[in-house]
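Each remark here refers to the structure printed beneath this line.
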Amino acid sequence: MRMSVLNGAISIVLGIAGGIAVGSGVIALILVLDMIPRLAQLTQSYDKTHWYEGALIGGSLLGTVADFWHWKMHGVLLLSPIVGMFCGVFIGLLAAALTEVLNVLPVLAKRLGMKPYLFGLLLAMILGKMTGSLFDFFIYQR
Numbered sequence: 108m109r110m111s112v113l114n115g116a117i118s119i120v121l122g123i124a125g126g127i128a129v130g131s132g133v134i135a136l137i138l139v140l141d142m143i144p145r146l147a148q149l150t151q152s153y154d155k156t157h158w159y160e161g162a163l164i165g166g167s168l169l170g171t172v173a174d175f176w177h178w179k180m181h182g183v184l185l186l187s188p189i190v191g192m193f194c195g196v197f198i199g200l201l202a203a204a205l206t207e208v209l210n211v212l213p214v215l216a217k218r219l220g221m222k223p224y225l226f227g228l229l230l231a232m233i234l235g236k237m238t239g240s241l242f243d244f245f246i247y248q249r
């Protein structure tokens with residue numbers, strides 16, 4: 108009995124610590140690389156930066172709570188395309204901001220001598236990500 112309580116307590120502490128570490132790391136990455144101000148600059152909405160930050164924190168918190176308590180939604184078939192679109196836009200903007208800040212693709216293409224093939228490299232990355240996501244969604248999740 109005492110051992111199961113101890114195991115439960117250790118699991119709780121490690122789960123909370125892991126969540127704080129991962130969440131802090133993601134937020135630190137986004138803040139240190141100035142992704143939100145760069146997105147605001149690109150979209151010419153710098154006065155709404157606090158809304159972006161609040162949406163990022165609120166979405167992270169809502170996603171964590173929904174996953175932790177196994178929330179179920181009814182009518183998912185109607186909402187899935189809309190939620191998927193917003194998730195895709197967010198991931199795309201985040202990837203664009205990260206690429207913009209770090210200038211990864213031009214440096215990679217220059218060092219590998221692939222400057223004429225930059226469009227093909229970008230297209231291959233996009234198609235690979237899309238194929239992997241579809242594989243995960245349709246095949247791996249079953």
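Each position in the sequence shown, counted from 1, maps to that position plus 107 in this note's numbering.
We put the beta carbon where it would ideally sit given N, CA and C, even for glycine.
It should be emphasised that the depicted structure is a prediction, and the values quoted were computed from it without experimental measurement.
CB contact flag (residue i, residue j, <9 Å)
i, j, result
"TYR159", "LEU168", "no"
"THR171", "GLY130", "yes"
"MET142", "LEU205", "yes"
"LEU149", "ALA203", "yes"
"ALA216", "LEU225", "yes"
Span of the alpha helix (DSSP H) around residue i
i, result
"PRO223", "Looking at the DSSP string, PRO223 is not in any alpha helix (DSSP H), and its letter there is neither H nor E."
"GLY182", "First-last for GLY182: undefined, no H or E at that position."
"TYR159", "156 to 175"
"ILE143", "142 to 149"
Other residues of its chain near residue i: CB distance less than 7 Å, five sequence neighbours each side excluded
i, result
"CYS194", "none"
"MET221", "LEU228"
Contact set for residue i: own chain, Cβ-Cβ below 8 Å, skip 5 residues either direction
i, result
"ILE134", "LEU163, ILE164, SER167"
Beta-carbon contacts of residue i that lie in its chain and below 6 Å, excluding the five residues immediately before and after
i, result
"TYR153", "ALA147"
Check: Does the count of Cβ pairs from the stretch 216 to 236 and the stretch 171 to 178 closer than 8 Å reach three?
Finding: no
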